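Below you'll find the structure, written out as structure tokens, and then a few comments.
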Amino acid sequence: MMNRIAEADGMRRGGAERRDVLTDFVRKIHVNRSVGQMAALLVAAFAIFTILRPAVFLGSYNFQVIALAAPEIGILAIAMMVTMLSGGIDLSVVSIANASAITISMTYTAVSSRAGVELANSLALPLVLLGLVVGVAAGAINGLLIAKVGITPILATLGTMQLFNGLELVVTGGRTLYGAPAGLSTLGTTTFLGVPAIFLILVVVAVAIGVLLDRISLGFRIRYQGANAEASRFSGISSTRTLLATYTIVGLLGGIAGVVFLSRNPSASADYGASYTLLVIVIAVLGGTNPYGGRATVLGVVLATLCLQVVASGFTAMRLSSQQYAMAQGVILIGAMVLDYLRGRGSSR
Amino acid sequence: MSTPALRQRRSGLLSRWPGRNNEGYLAALLLLVVAVMSAAAPAFFSLHTFFSVIRGATVPWIFAMGVLLVLVSGGIDVSFPAIAVFSAYSAVALTTARGVDAGLLGNFALAMAIGCLLGLVNGILIARFRLPTLIVTLGTAGFFRGAMITFVGATYIAQLPRSLAEQSTRSVISVNTEAGTTFLHVLVVPVLILTVLIALGLKHTMFGRAAYAIGGDPEAARRVGIPVQRTQVVLYVLVGALAAFGGMVFMIQGQAADPQMLIGIELDTIAAVVLGGASIFGGRGSVLGTVLGVLLVQVINNSLVLVGVPTAWQRATVGLLLLLGVGAQAWVGRRPRRAAPAAVKAPAVKAAA
Amino acid sequence: MDISPAPRPVLELRDIVKTYGGVHALDTVSFTLLPGEVHCLAGENGSGKSTLIKIISGVETPDSGVIVVGGERHASMTPASAIAAGVQVIYQDFSLFPNLSVAENIAMPRQRAVGGRFYSARAARPIAQGIVDELGLALDLDADVAALSVADKQLTAICRALVSDAQIIIMDEPTTALTGAEVTALFALVRRLQSRGVSLIFVSHKLDEVLRVSQRLTVLRNGTWVATGAAGDYDRDAIAGLMTGKDIDTSRVVSAVPADAAIALEVKGLGRPGAFADVDLVVRCGEIVGLTGLLGSGRGEIAEAIFGVRPATTGTISVGGHPVRIQSIPDAVAAGIGYVPEDRLTQGLFLDDSIADNVVAASVTAFAGRARLLDRARMLAFIQSVASRLRIKAPNLSLAVRSLSGGNAQRVVLAKWLMTNPKVLLLNGPTVGVDVGSKSEILEILRTQASAGMGVVVISDDIPELYSACHRVLIVQGGRIVCELAGDAVRVETIEQRIAA
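Protein chains in written order, with our numbering: chain A, 99 to 447; chain B, 106 to 458; chain C, 4 to 504.
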């Protein structure tokens, strides 16, 4: 009844801009997949593959594989989620990660060839910081283009993706670079009580972003900005500062992902993770992020990452090809959205 | 008594020149780049370069047409490379497996039929379920590529059927210059015909105008009686067919059927179309602008080679170009905030009385 | 306009019933439209007037009842059959295509209807030019609709309706976004349409203006028919009473403000070229000052300048005695100014977010505690206290604002600003689209806040409301403050006269 009153309200929503029309679509889609549902999906996927191939799937090796592959994708997915929360999208996040990895690798190689491997290894921490700084700088460039120049996020990050990727191609000569501080490789293989260190990094990042969104005013502002940029403006929130901060943070997350890249394999290239960009968009949306801004949960995104990893390794355990996994990804994504649509249609109006 | 109305500054041919999407500026930019490059390296301004540019731009050109159609109607399609690969590869793989050569037209027809079917999938998901286009086509892209390798095959076919292979070197114009023989590929002809047809279709058919209308305001389109769902489905079917055509041309140019081809070009193509003046939000864009955008990118790529810049810089340059282009658009459009529709308009202030 | 005694109606609805999920949106409502008349459909939000329009235009189908149009009986209409019967609705957002030209917007639906597969811009022009000339308008046919003013967009929509052979034109809130001059022009056009035999239904709550041009009036309330009669037989108060079923309390309730009360807001010589000039304004703590004038007079722009939406270029502003520089909205908020905007749904609220999230939107940073972590407990306590103080009716605070009624939603916006403890609160059209019960409560909230020391500025078209709550009323005309009424001089008729002068 209340809905009826609001709809019969003579007040039109005002602004025939595309965003409003799409918000209409999204209301119909009702992208509000609860964390509970995502967890259920994860458990279901797990159960299915356990039943199908218990021997392989339940082996600890399998868990290791999942726990090692998930972090870099998970961090990137969280980064994508943050940008979608702010009402935008960041197509350049993978190229930022590569930039960080390439910077660390190149600097390491340069130092070690000039001053010896020992020194280079001891500089692991400053090198990592350097990579993170590169990530932050790249994110800041995105932020400036979007917040100050006013380019819409999808186009700005399309351009910076090309630019960063292109510069990386130039700098690496199109080759894969080898070499990373020994500390990073150790990090990649360390486990605490069976849990890989890099997985713990994912957990730390997830918790940090969760705290940001839930307990820090910037996080609130990011959500308001994405939910309704105009109302956010009229509430005294500076979109310039908020968006600048958003994309800088995303740049930092990209940098962290780059460090994780290096921890897994001491190599860096401009084209690593080429398919990741679209994949993490899929994961972010699957994890409950409203692609038009305003809602998401970090936990949902992490669960979605794990879910897809479980499916990936399940497919491997069943000797299915990675192409079949790609098919499954597509089906899962579209299936989830169609379900949302059908459910959303049933409930209100 | 006539009502006061706002007049646009559109009197005269000169102010009409920039065109609805600033194609004029784009054309000027293109000419400028050509002029500068020709001055820097006189060898640039040659038929050889011209044909080379066209050759390199042919496949992006076809894909860009498809992207334009989708963009105009308010969507974003990233599945067209997957459709292209699926259709072209399947057409060849299926016929060679049976030892049959379907002939030039037969192969194209088969590929485009597959493309239509794949496009239909997109169309139904987008129109019927009203799912956001970017996400849906992300899903279908992955699905199509995976399905192709799973169900059709993954072998690299180095020998195309004769009817296709012999097109690889056929030319419509062949000229002997000091730099060697340069030619204009025969497939340019159907591409040009297609381009003209699409341009006419967008401008002069109800279907085309409906696409623009949907891109402008889908709800208003519905209210005016435009069959939005049907139009969208047909649109995506057409785009599928175009993608398939592009895949076939790519295959013929490359003289091989590679199941891994055309990876990663979706965003590049969208960049070129946006550069050409199409709005990423829908409702605006033209064939002329798109063609100019594609040519501009191609010319720049060719220029770099000629000037001695390593091809590695091409990507970065296109990125920079895109940023400059959309940045300029955004900066210029940065007027003081528009008033929300229901709010107060700028009043006419009477002279102090 | 002379209407003969018993003409056959051009549109008739008999005993229409429409329920949504068990609730009667329309309960046995009948309605007739005579040829060549302008018929005003009035009612509060939720009265059913929108539903009635949707049924006429075929967007909704009635559960029972009969629609007679063009001499034919229908159990229900579809959008196509409605258009075929000559019914055209001009919605508040006009449903135009912003990316297409005026000529195309006008002519395209007609070319579609005629069954053309091909569209010719060259053929469209004469069609568009024809109707534009016939109506004596001066629209630029080649302009993109996006570039037009609101009034011109409306004219384009009307042209489109006529080109499609509309016999019955329904206009939803036609005068809301028009200036006085544009309203006059619109009404002149309406008379021309009437002489062509077109009948019009105006759905509006701007009763004064609409009564000027309507022949008859129908009032709906809570889905039932209340009254129909000649427009001349009613005045605004009578209609308001019929719409709400209550007698409006039109008494004036203003507290006494000591002459030496501190000054909450002082504005001197404020100006922005093209919008307003030489504006001086003083608001004391405890005062409620009204700002009114015709739409387009600059009154909204003055408030927006003080709030930093489009800052002034000349003049000074001081809040609580301290001069402040306001070049952006954050500047204004930091200075202690709050603003309840006119367009509540787009500018004031986050529709899909919870009441709690909306209420805290302007004050989040205030709750940062140790290590910049927000003290959620404290935040929630404050939200709850403000929400209950403003009597926001909702089962719990995590309900999405979208589902609230207009009055409740407006309280959420108010709550958002009260959370920032502003020294000055500006409100633009605070009770528009708000049910009567909430209207008086909102005014009461303003009175309470004022007596607690806030300075309040209300911009409004609702003159009785200004009379009821404002200590002083300033009239804005042509970008300048031309008149100030205070104390006993504040009377409804006086305000009306000065506005029209």
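All C-beta atoms in this analysis are idealised placements derived from N, C-alpha and C, irrespective of residue type, glycine included.
These numbers come from a predicted model, not from an experiment.
{"Item": "Using a C-beta cutoff of 8 Å, does residue 310/B count as contacting chain F?", "Value": "In the structure shown, chain F cannot be found, because the protein chains are A, B and C."}
{"Item": "If you compare alpha carbons, which of 324/C, 277/C and 221/C is closest to residue 268/C?", "Value": "324/C"}
{"Item": "How would you list, in chain order, the residues of chain A whose beta-carbon sits under 8 Å from the beta-carbon of residue 245/B?", "Value": "428 and 432"}
{"Item": "Which value, in whole angstroms, describes the spacing of the CA atoms of residue 329/C and residue 354/C?", "Value": "28 Å"}
{"Item": "Hey, does residue 344/A have any beta-carbon neighbour from chain B nearer than 8 Å?", "Value": "no"}
{"Item": "In whole angstroms, what separates the C-alpha of residue 39/C from that of residue 306/B?", "Value": "42 Å"}
{"Item": "Using the beta-carbon of each residue, which ones in chain C are nearer than 9 Å to residue 273/A?", "Value": "Chain C residues near residue 273/A: none, gap ~44 Å exceeds 9 Å."}
{"Item": "Express the C-alpha separation of residue 339/C and residue 360/C in angstroms, rounding to a whole number.", "Value": "21 Å"}
{"Item": "Could you give the uninterrupted runs of the beta strand (DSSP E) lying entirely in the stretch 376-445 of chain B, keeping only those of 3 residues or more?", "Value": "none"}
{"Item": "Taking the Cβ atom as the reference point for each residue, do residue 262/B and residue 133/B lie within a distance shorter than 8 Å?", "Value": "no"}
{"Item": "What does the alpha-carbon distance come out to for the pair residue 428/C and residue 457/C?", "Value": "7 Å"}
{"Item": "With 8 Å as the threshold, decide whether the Cβ of residue 314/A is near any Cβ in chain C.", "Value": "yes"}
{"Item": "Using the Cα positions of residue 191/A and residue 298/B, report the straight-line distance between them to the nearest angstrom.", "Value": "40 Å"}
{"Item": "Anything in the stretch 323-345 of chain B with a Cβ closer than 9 Å to a Cβ of chain C? List those residues in chain order, please.", "Value": "324, 325, 326, 327, 328, 329, 330 and 331"}
{"Item": "Any beta-carbon of chain B closer than 8 Å to the one on residue 207/A?", "Value": "no"}
{"Item": "Determine the contact status of residue 177/B and residue 341/B, defining contact as a CB-CB distance below 8 Å.", "Value": "no"}
{"Item": "Can you pull the DSSP bridge partners for residue 42/C?", "Value": "204/C and 219/C"}
{"Item": "Go ahead and pull the three-state DSSP assignment for residue 309/B.", "Value": "helix"}
{"Item": "In chain C, which residues lie less than 9 Å from residue 130/B when you measure between Cβ atoms?", "Value": "Result: empty, since nearest Cβ-Cβ is about 17 Å, beyond 9 Å."}
{"Item": "Excluding the 5 residues flanking residue 142/C on each side, which residues of the same chain have their C-beta closer than 7 Å to its C-beta?", "Value": "105, 135, 155, 158 and 159"}
{"Item": "Relative to chain A, which residues along the stretch 216-242 of chain B have a C-beta separation below 8 Å, given in chain order?", "Value": "230, 234, 235, 236, 237, 239, 240 and 241"}
{"Item": "Mind checking if residue 184/A is an interface residue toward chain C, Cβ cutoff 8 Å exclusive?", "Value": "no"}
{"Item": "Identify the residues that DSSP records as bridge partners of residue 17/C: which are they?", "Value": "69/C"}
{"Item": "Curious, which full-length alpha helix (DSSP H) runs of at least 4 residues does the stretch 238-279 of chain B contain?", "Value": "238-252 and 267-270"}
{"Item": "Among 87/C, 347/C and 146/C, which one has its Cα closest to the Cα of residue 167/C?", "Value": "87/C"}
{"Item": "Using 10 angstroms around the beta-carbon of residue 347/C, count the other beta-carbons present and answer buried if the total reaches 16, otherwise exposed.", "Value": "buried"}
{"Item": "For chain B, find out if any of its Cβ atoms is closer than 8 Å to the Cβ of residue 501/C; answer yes or no.", "Value": "no"}
{"Item": "Using DSSP with H/G/I as helix, E/B as strand and the rest coil, what is residue 289/A?", "Value": "strand"}
{"Item": "Which residues in chain C sit within 8 Å of residue 318/B, going by Cβ to Cβ distance?", "Value": "100, 103 and 111"}
{"Item": "How long is the line joining the alpha carbons of residue 63/A and residue 394/C, rounded to whole angstroms?", "Value": "Within the shown structure, residues of chain A are numbered from 99 to 447, placing residue 63/A beyond reach of any answer."}
{"Item": "By Cβ distance, which residues of its chain are closer than 6 Å to residue 342/A, with the 5 residues on each side in sequence left out?", "Value": "241 and 245"}
{"Item": "Between the beta-carbon of residue 190/B and the beta-carbon of residue 246/B, is there less than 8 Å?", "Value": "no"}
{"Item": "Pick out whichever of 55/C, 20/C, 478/C and 497/C has its Cα sitting closest to the Cα of residue 284/C.", "Value": "478/C"}
{"Item": "Are residue 401/A and residue 385/A close, meaning C-beta to C-beta below 8 Å?", "Value": "yes"}
{"Item": "Name, please, each residue of chain B whose Cβ falls closer than 9 Å to the Cβ of residue 379/A.", "Value": "239, 240 and 243"}
{"Item": "Using a C-beta to C-beta distance shorter than 7 Å, which residues of chain C count as neighbours of residue 382/B?", "Value": "By Cβ distance, chain C contributes nothing, its closest Cβ being about 12 Å from residue 382/B, past 7 Å."}
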